[in-house]
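Colleague: Following the working numbering, the numbering of the sequence shown begins with 281 at its first residue and continues without gaps.
Positions of the beta carbon are idealized from the N, C-alpha and C atoms, including for glycine.
Owing to the predicted nature of the structure, the values given are computational and were not obtained by experimental measurement.
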Amino acid sequence: MNFAKTFTLPLVAVLAALANVDAMAQDAPNAVLEVSVNGTVYKGEAEYEATGTPDQAAAEAFLKQNSIHLLPGGNAQLKVALVGTDGSRTDVTTDADTHYTAVTDWNLDVSANGVLTQRANPNYSSADAKGSKDGQIAIWYKKGTTFGYNAIEVIID
281 MNFAKTFTLP LVAVLAALAN VDAMAQDAPN AVLEVSVNGT VYKGEAEYEA TGTPDQAAAE
341 AFLKQNSIHL LPGGNAQLKV ALVGTDGSRT DVTTDADTHY TAVTDWNLDV SANGVLTQRA
401 NPNYSSADAK GSKDGQIAIW YKKGTTFGYN AIEVIID
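(1) Do ILE417 and VAL395 have their beta-carbon atoms positioned less than 8 angstroms apart in this structure?
(2) Which of the three DSSP states, helix, strand or coil, is assigned to LEU313?
(3) Counting only beta-carbon separations shorter than 8 angstroms, does ASP437 have a partner in chain D?
(4) Report, in whole angstroms, the separation of the C-beta atoms of LYS353 and ASN387, which I expect to be a contact under 8 angstroms.
(5) Please state whether the Cβ-Cβ distance between ASN393 and THR374 is less than 8 angstroms.
(6) Once DSSP output is grouped into helix, strand and coil, what is the label at LEU351?
(7) Using only the alpha-carbon positions, how far apart do THR426 and GLN357 sit?
(8) Which ranges would you report for the beta strand (DSSP E) in the region 326 to 391 if only whole runs of at least 3 residues count?
(9) To the nearest angstrom, how far is the alpha carbon of ASP335 from that of ALA376?
(10) Thinking C-alpha only, which one of SER316, HIS379, ILE348 is nearest GLN398?
(11) Kindly indicate which three-state DSSP category GLY324 falls into: helix, strand or coil?
(12) Tell me the residue span of the beta strand (DSSP E) that contains THR426.
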């Protein structure tokens, strides 16, 4: 897995997907979104960036440890918590200011309420894309001056 491609290109796609890119360009993340499934927390791009730039082996270990696993056709309910500077957590899973996107929308879908589903998108003609076992989702929260994001890897197995 090409680590730079895995994290950099999807982040660009997420930022471009935001409704107001011009306003967003002036914002820098000032909050962390913690993503979990059934009580297991998955660290993503936001936490990875906070670690600095480890070597490739460390990056691969981080991805392996923090990837959500889905069965083909399976789904999972995400829980998203906004982590305050004091460590407090506020559930923003279904908040109107929380947004989800499947960066790899050829093999994943995420509902407005955080339900992650594996499915092949018929709009993609490439069997390789639809059958890909690697994916990524991105979540962002923007309300007033609070802006947080995270991107999590998904493995279909």
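Modeller: On the basis of the coordinates in this document:
(1) no
(2) strand
(3) Annotation note: the requested chain D is absent from the structure, which comprises a single protein chain.
(4) Looking at the sequence itself, residue 353 is Gly, so the reference to Lys does not match. Not really, about 11 angstroms apart at Cβ, beyond 8 angstroms.
(5) yes
(6) coil
(7) 24 angstroms
(8) 348 to 350, 355 to 357, 359 to 363, 369 to 371, 378 to 382, 388 to 390
(9) 38 angstroms
(10) ILE348
(11) coil
(12) 426 to 436
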